[in-house]
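Q: Dropping the structure in here first, questions after.
Number of protein chains: 2
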Amino acid sequence: MMRATVLYGPKDVRLEQVPDPKILEPTDAIIRVLVACICGSDLWPYRGYDPVPEEGRPMGHEAVGVVEAVGKEVRTVKPGDVVLMPFAISDGSCEFCHEGLTTACVHVGFFGYSPGVGGAQAEAVRIPLADGTLYRVPVSEDDRELLPHLLTLTDVMGTGHHAAVTARVGPGKIAAVIGDGAVGLCGVLAARRLGAERIILLGHHPDRLELGRAFGATDVVTERGEAAVERVLELTGGFGAHSVLECVGTEEAVETAVQIARPGGAIGRVGVPHHEGIPAGVTFFKNVIVAGGPAPTRAYMPELVPDVLEGRIEPGRVFDLTLPLDRVAEGYRAMDERRAIKVMLEP
Amino acid sequence: MMRATVLYGPKDVRLEQVPDPKILEPTDAIIRVLVACICGSDLWPYRGYDPVPEEGRPMGHEAVGVVEAVGKEVRTVKPGDVVLMPFAISDGSCEFCHEGLTTACVHVGFFGYSPGVGGAQAEAVRIPLADGTLYRVPVSEDDRELLPHLLTLTDVMGTGHHAAVTARVGPGKIAAVIGDGAVGLCGVLAARRLGAERIILLGHHPDRLELGRAFGATDVVTERGEAAVERVLELTGGFGAHSVLECVGTEEAVETAVQIARPGGAIGRVGVPHHEGIPAGVTFFKNVIVAGGPAPTRAYMPELVPDVLEGRIEPGRVFDLTLPLDRVAEGYRAMDERRAIKVMLEP
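So, in structure tokens, the structure goes:
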């Protein structure tokens with residue numbers, strides 16, 4: 001038996017004893033979790049916005065782990081390897097994986113979500129399609145100081161990077177980042193990494209905005225709604241930002257994004273949409289590109305891991321609270337009440 | 001005095017005597033119209049969907065003409081030059097013009113729409129910002145057989161090209177074109193020109209679909225709604241098209257576009273949106289790019305004119321009815337009743 005986190009309903013998250021995961025398919029691996037974390041998207045079901053099955057939902061979709069066992073067809077990882085577990089399962093061999101869109105893999109699955117697939121807020125996880133899904137990193141489990149940074153590549157930093165890529169950030173561009181959560185902050189870091197000349201961060205939490213500045217934000221905008229739009233236009237000579245990273249997913253955030261995008265600019269959406277439609281007229285008349293979606297974080301690892309290993313980026317700074325797995329419920333409360341940006345868990 | 005077309009209300013279009021246009025600004029030119037035409041978008045106000053001012057609205061925004069007079073600051077065109085008049089006025093010098101997005105020019109205006117700017121379904125037109133707006137072509141007014149093809153570059157062919165570019169058509173790609181109007185047909189031609197491997201045209205009019213096949217469509221889909229979506233998925237191995245050219249602008253067309261776009265694919269919208277929103281969820285979860293808008297047809301002329309002059313494309317085949325300007329009202333009726341794809345007018 002092992003300990004794993006299960007959500008039963010609004011605010012009812014429990015650490016429970018569950019059976020140890022086992023190799024079920026020859027393409028499976030089992031990893032022992034070194035570090036895991038709580039995602040902003042875990043708060044949707046925690047707050048009751050997304051339904052939870054009666055038997056509970058296993059939680060967690062981000063982990064750095066050590067391979068414990070592999071099925072007989074697994075070729076790219078072996079017991080003892082330290083690996084990154086991205087939030088999506090992918091086979092690594094279909095045409096979408098070859099195109100780098102692992103989240104559209106023909107065999108895609110999601111940890112804590114797909115039938116029979118557990119969560120990462122646990123001592124161990126079964127990894128389907130281990131060759132495609134896991135990414136081996138050349139570190140040992142004793143490299144504790146690297147683990148938080150590597151952990152972000154399984155979701156938030158890869159997602160911030162996806163926002164920046166799909167919003168077409170590049171040298172000389174003005175980027176605007178909507179949202180000062182962990183993804184938005186990683187979006188700032190990604191935009192700086194891709195050469196943005198100016199990075200405007202829109203948010204409301206002084207501590208987060210401070211980290212945003214440390215990550216490269218050149219301007220912060222704390223206004224809301226129409227006032228925020230006016231402020232961004234003021235900062236950009238009236239035209240708006242070339243690249244807008246939409247890291248929230250609400251109707252208000254998307255409305256702001258389309259208003260502050262410059263004609264011919266691009267919006268990279270990575271906030272899971274909790275709204276119906278993207279305004280059709282304003283995006284059309286400005287020739288604004290609307291892109292983004294679930295980030296293929298697995299595909300971005302070869303590009304981002306070296307930057308972490310060589311210390312060029314420190315995305316793990318978004319973890320401002322670390323708790324033992326036993327105190328996972330406290331971690332959910334801290335994020336729900338916005339006392340923590342992002343919580344890391346150590347089993 | 002000269003003859004010009006004025007719309008007074010639903011189905012009430014008249015050829016009237018109006019004052020000759022005059023140079024008002026030193027950057028103006030006056031062109032005598034050689035050929036003009038009626039646009040699918042002219043049917044929105046003709047059918048009463050867009051409001052018309054009480055004093056009437058001058059009609060027409062596409063013309064090939066001969067320069068008659070220029071203001072004293074005009075440098076790039078001179079009397080006697082044959083020129084293309086794109087539907088949008090642009091200064092040719094602002095940062096958006098330099099980026100090739102002439103329809104977002106800081107001085108943008110629209111023929112037949114902006115205050116004090118007449119329409120092209122007339123004997124002559126005043127062209128504001130002539131240096132930026134007009135494009136000289138090395139033909140004489142006697143090259144009658146070239147004029148229809150060149151005329152399409154002022155709107156429909158440039159717009160079809162914009163749909164293809166923003167939908168990221170390229171070699172090896174599967175393109176789907178929604179709409180068999182003149183723009184959709186030009187979209188087919190543009191997709192072929194950009195190297196699409198397969199071009200699926202969705203429409204309902206046998207004569208137009210036949211021209212679509214001549215322009216390069218490899219498949220035609222005549223079903224509607226869900227059945228059309230299923231047919232396209234069937235034709236594309238279940239995944240959908242890499243590039244979707246949305247050339248209609250209705251809610252149904254956009255819904256079809258998002259359904260038939262392949263994960264990671266792109267939609268190029270050029271149908272003026274007569275609907276509220278683009279579905280946020282399905283585009284997000286498929287990482288579909290939604291792009292497009294008013295086509296910068298002026299910016300595309302240097303690329304497309306040589307193809308017309310050297311006979312590589314014959315977009316003027318969309319004109320299946322040519323009328324003298326005196327019979328303009330008959331032309332509107334023919335397009336409204338779908339008896340003509342597109343009507344060319346000769347003053």
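Protein sequences, first through last, are from chains V and A.
Take the first sequence: its position 20, counted from the start at 1, is 20 in full-length UniProt numbering, and no numbers get skipped.
Take the second sequence: its position 111, counted from the start at 1, is 111 in full-length UniProt numbering, and no numbers get skipped.
Cβ coordinates follow ideal geometry from the N, Cα and C atoms, glycine included.
1) Output yes if chain V places a C-beta closer than 9 Å to the C-beta of His-275 (chain A); else output no.
2) Using only the alpha-carbon positions, how far apart do Gly-109 (chain A) and Ser-90 (chain A) sit?
3) Considering Glu-246 (chain A), what are the terminal residues of the beta strand (DSSP E) in which it resides?
4) What residue ranges within the region 276-300 of chain A form continuous beta strand (DSSP E) runs of no fewer than 3 residues, ordered along the chain?
5) Run through chain V and tell me which residues come within less than 8 Å of Val-290 (chain A), C-beta to C-beta.
6) Can you pull out the residues from the region 102-115 of chain A whose beta carbon lies closer than 8 Å to at least one beta carbon of chain V?
7) Where does the unbroken alpha helix (DSSP H) through Gln-259 (chain V) begin, and where does it stop?
8) Evaluate Ala-85 (chain A) with the Cβ neighbour count: other Cβ atoms within 10 Å of its Cβ, from every protein chain shown; 16 or more gives buried, anything less gives exposed.
9) According to DSSP, what are the bridge partners of Lys-342 (chain V)?
10) Give every residue of the same chain whose Cβ lies closer than 8 Å to the Cβ of Ala-214 (chain A), excluding the five residues on either side of it in the sequence, and list them in chain order.
11) Is the region 161-178 of chain A touching the region 142-149 of chain A in the sense that three or more CB pairs, one from each, lie closer than 8 Å?
12) Keeping to the same chain, check which residues put their C-beta closer than 6 Å to that of Val-220 (chain A); ignore five residues upstream and five downstream.
13) For Glu-123 (chain A), tell me which candidate among A:Arg-298, A:Gly-268, A:Ala-257 and A:Val-6 has the shortest Cα-Cα distance.
14) Could you name each continuous alpha helix (DSSP H) segment of 4 residues or more that falls completely within the region 181-241 of chain A, going from the start of the chain to the end?
15) List the DSSP bridge partners of Pro-324 (chain A).
16) Compare the C-alpha of residue 368 (chain A) against each of A:Arg-338, A:Thr-322 and A:Glu-337 and name the closest.
17) Taking the straight line between their C-alpha atoms, what separation do you get for Phe-239 (chain V) and Leu-211 (chain V)?
18) Could you give the distance in angstroms between the alpha-carbon of Arg-312 (chain A) and the alpha-carbon of His-242 (chain A)?
19) Starting from Glu-252 (chain V), find everything on chain A with Cβ-Cβ shorter than 9 Å and list it in chain order.
20) Does Tyr-113 (chain V) come out as helix, strand or coil in the three-state DSSP assignment?
21) Let me know the secondary structure DSSP gives Pro-148 (chain V) once reduced to three states.
22) Quick one, which of V:Pro-19, V:Glu-95, V:Leu-345 and V:Ala-340 has its alpha-carbon nearest Val-328 (chain V)'s?
23) Taking the straight line between their C-alpha atoms, what separation do you get for Tyr-135 (chain V) and Val-188 (chain A)?
24) Could you give the first and the last residue of the continuous beta strand (DSSP E) run that contains Ala-124 (chain A)?
25) Checking contacts by CB at 9 Å: is Pro-302 (chain A) closer than that to chain V?
26) Relative to the C-alpha of Arg-231 (chain V), which candidate in V:Glu-251, V:Gly-249, V:Glu-246 and V:Thr-256 has its C-alpha closest?
27) I need the boundaries of the alpha helix (DSSP H) containing Ala-157 (chain A), first residue and last residue.
28) Starting from Leu-7 (chain V), trace the beta strand (DSSP E) both ways and give me its first and last residue.
29) Considering only their Cβ atoms, is the gap separating Phe-87 (chain V) from Pro-263 (chain A) smaller than 9 Å?
30) State the CB to CB distance for the pair Val-244 (chain V) and Thr-283 (chain V), rounded to an integer number of angstroms; the pair is presumed to be in contact (CB under 8 Å).
31) Which residue comes first and which comes last in the beta strand (DSSP E) that contains Glu-16 (chain A)?
32) Roughly how many angstroms separate the alpha carbons of Arg-298 (chain A) and Thr-133 (chain A), rounded to a whole number?
33) Go through the region 68-108 of chain V residue by residue and report every complete run of the alpha helix (DSSP H) that reaches 4 residues or more, in order.
34) Just the Cα atoms here: how many angstroms apart are Pro-51 (chain A) and Leu-43 (chain V)?
35) Starting from the beta carbon of Lys-286 (chain V), find every residue of chain C whose beta carbon is closer than 8 Å, and list them in chain order.
36) Do Val-82 (chain A) and Asp-131 (chain A) have their C-beta atoms closer together than 9 Å?
A: Let's see:
1) yes
2) 7 Å
3) 241-246
4) 277-279 and 289-292
5) Ile-278, Thr-283, Ile-289, Val-290 and Ala-291
6) Thr-103 and Ala-104
7) 251-260
8) Note that residue 85 (chain A) is Met in the sequence shown here, rather than Ala. It counts as buried.
9) V:Phe-319
10) Arg-317
11) no
12) Leu-201 and Leu-209
13) A:Val-6
14) 182-193, 206-215 and 225-235
15) A:Glu-346
16) This structure gives no information on residue 368 (chain A), because the portion of chain A shown stretches from 1 to 347.
17) 27 Å
18) 25 Å
19) In chain order: nothing, as chain A lies at least about 13 Å away.
20) coil
21) helix
22) V:Leu-345
23) 42 Å
24) 124-127
25) no
26) V:Thr-256
27) The amino acid occupying residue 157 (chain A) in the given sequence is Met; Ala does not appear at that position. Looking at the DSSP string, the run of the alpha helix (DSSP H) that includes Met-157 (chain A) is 156-166.
28) 2-9
29) no
30) With 8 Å as the limit, Val-244 (chain V) and Thr-283 (chain V) do not qualify as a contact, their Cβ atoms being about 11 Å apart.
31) 12-18
32) 7 Å
33) 95-98
34) 47 Å
35) Within the model displayed, chain C is absent; protein chains V and A are what it includes.
36) no
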